[in-house]
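*Asks:* In full-length UniProt numbering, the protein residues as written are 1 to 201.
All residues carry an ideal CB built from backbone N, CA and C; glycine is no exception.
Treat the numbers as computed from the prediction; the structure is a model and nothing was measured.
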């Protein structure tokens, strides 16, 4: 009788020890998956912040162009028209754009250049226009403020004919905006094309 109880207890200890060992192995195998999931969740939240900031920069640029060109702005766009900025952003004269140069968020890249490369958009805000972070998001402040640059593009397809003696067609504006996440390495770059209402030069 004593031998049977001792054997039963010994067998129970072996079963419990084996079960604990299996649970430990499963936990150790699952641990990298848990860490990977947590990294992915953090990266996803970081990317969402960068996307939100880039969208805000696009909205700010569109609002600036609308006010400067006299285009009816979208809802929520408020500001005062600045005569110098209005002249610089005139879609017919393009007075603020210098070929091959970028400054004050106005870029005019030559063939083979890009506005984001010419302005060093990802590394510095010197030639771009920065947009302050949203006040509601202070607990998740981006590593750098979102910023944008504006470049003129022709409102014609390549190879399209232009009538001699006709007035120059107003240019469209391509906006390139970048938003940052909690770290500078997480960035989202967006572009949009804006058709302004043309004032007479």
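So, helix, strand or coil for residue 55, using DSSP?
*Replies:* Residue 55: helix per DSSP, three-state reduction.
*Asks:* Take residue 190 as the anchor and find which of 182, 183 and 176 has the nearest alpha-carbon.
*Replies:* Here the closest residue by C-alpha is 176.
*Asks:* Between residue 134 and chain D, is any beta-carbon pair separated by less than 8 Å?
*Replies:* Given the protein chain composition of this structure (a single chain), no chain D is represented.
*Asks:* For residue 14 and residue 29, I'd like the C-alpha separation in whole angstroms.
*Replies:* 22 Å
*Asks:* Jot down the residue ranges of each uninterrupted alpha helix (DSSP H) in the region 86-141, minimum 4 residues, whole runs only, in chain order.
*Replies:* 115-118
*Asks:* Any idea what DSSP makes of residue 179, helix, strand or coil?
*Replies:* strand
*Asks:* For residue 184, which three-state DSSP category applies?
*Replies:* coil
*Asks:* Per DSSP, what are the beta-bridge partners of residue 146 in this structure?
*Replies:* Bridge partners of residue 146: 131.
*Asks:* What's the call for residue 96, buried or exposed, on a 16-neighbour Cβ count within 10 Å?
*Replies:* Classification for residue 96: buried.
*Asks:* Please indicate yes or no: does the CB of residue 37 lie closer than 7 Å to some heavy atom of the ligand GTP?
*Replies:* Although the ligand GTP was asked about, the structure shown includes no ligands whatsoever.
*Asks:* Check residue 193 in the structure and name its three-state DSSP category.
*Replies:* strand
*Asks:* Bridge partners of residue 73, per DSSP?
*Replies:* The partner list for residue 73 (beta bridge, DSSP) is empty, contrary to what the question assumes.
*Asks:* Our contact map puts residue 69 next to residue 197 with C-beta atoms below 8 Å; I'd like the distance itself, whole angstroms only.
*Replies:* 6 Å
*Asks:* In whole angstroms, what is the alpha-carbon distance linking residue 33 and residue 39?
*Replies:* 10 Å
*Asks:* Run through DSSP, which three-state label would residue 32 get?
*Replies:* helix
*Asks:* Closest by CA to residue 101, which one among 85, 112 and 119?
*Replies:* 119
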